[in-house]
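Worksheet for the structure shown next.
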Amino acid sequence: MNISLEISMIIDNATSSPIIVTEHDNVTMKCQARGRPTPYIAWFRRHRDGKDRQNEIRLDNQILANDTDGIYHLINVSRHQNGHYECRASNGVNDHVVSKDIELRVLCK
């Protein structure tokens with residue numbers, strides 16, 4: 000029996016950054032990754048200041064979405080949702096995680 004495992008990799012042609020929208024618009028962010036087994040993609044939002052006391056990037060603890068399609072929808076966007084979002088892809092091979100940062104800019108009407 001031959002078992003083939005691939006480490007996840009982000010396919011960089013999904014959503015470009017920054018995304019610029021007007022307040023109250025809907026936004027769909029897409030993060031694609033490939034690997035074997037199929038990677039799961041989790042979405043996080045960075046804290047407003049972006050850094051913690053050790054000058055490392057902080058992410059909100061809440062996972063915004065976690066599935067294999069990599070799509071994250073924001074409905075009726077508000078200016079409070081401005082900021083950086085990160086998708087992380089992992090398929091459990093060697094605990095390898097790949098990520099992509101997407102900046103969302105919400106313009107006020």
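Going by numbering that gives the first Met the number 0, the first residue of the sequence shown is number 0, and it counts up by one from there.
Each residue gets a CB set at the ideal place from its N, CA and C atoms; glycine is no exception.
Only a predicted model underlies this, so the values are computations on that prediction, with no experimental measurement involved.
Exercise. Under the three-state reduction of DSSP, which class applies to residue 72: helix, strand or coil?
Worked result: strand
For this session: Ignore the nearest five residues each way along the sequence and tell me which others in residue 64's own chain have a CB closer than 8 Å to its CB.
Result: 40, 41, 42, 70, 71
Exercise. Per DSSP, residue 83 is paired with what?
Worked result: 102
Exercise. Between 86, 107, 106, 104, which lies nearest to residue 97 when the distance is taken from Cα to Cα?
Worked result: 86
Exercise. Beta-carbon separation of residue 106 and residue 22 under 8 Å?
Worked result: yes
Exercise. Roughly how many angstroms separate the alpha carbons of residue 1 and residue 34, rounded to a whole number?
Worked result: Annotation note: pLDDT 49 at residue 1 (below 50); position unreliable, coordinate value reported separately. The straight-line gap from Cα to Cα measures roughly 16 Å.
Exercise. Under 8 Å between the Cβ atoms of residue 101 and residue 25?
Worked result: no
For this session: State buried or exposed for residue 89, treating a residue as buried only when at least 16 other CB atoms are found within 10 Å of its CB.
Result: buried
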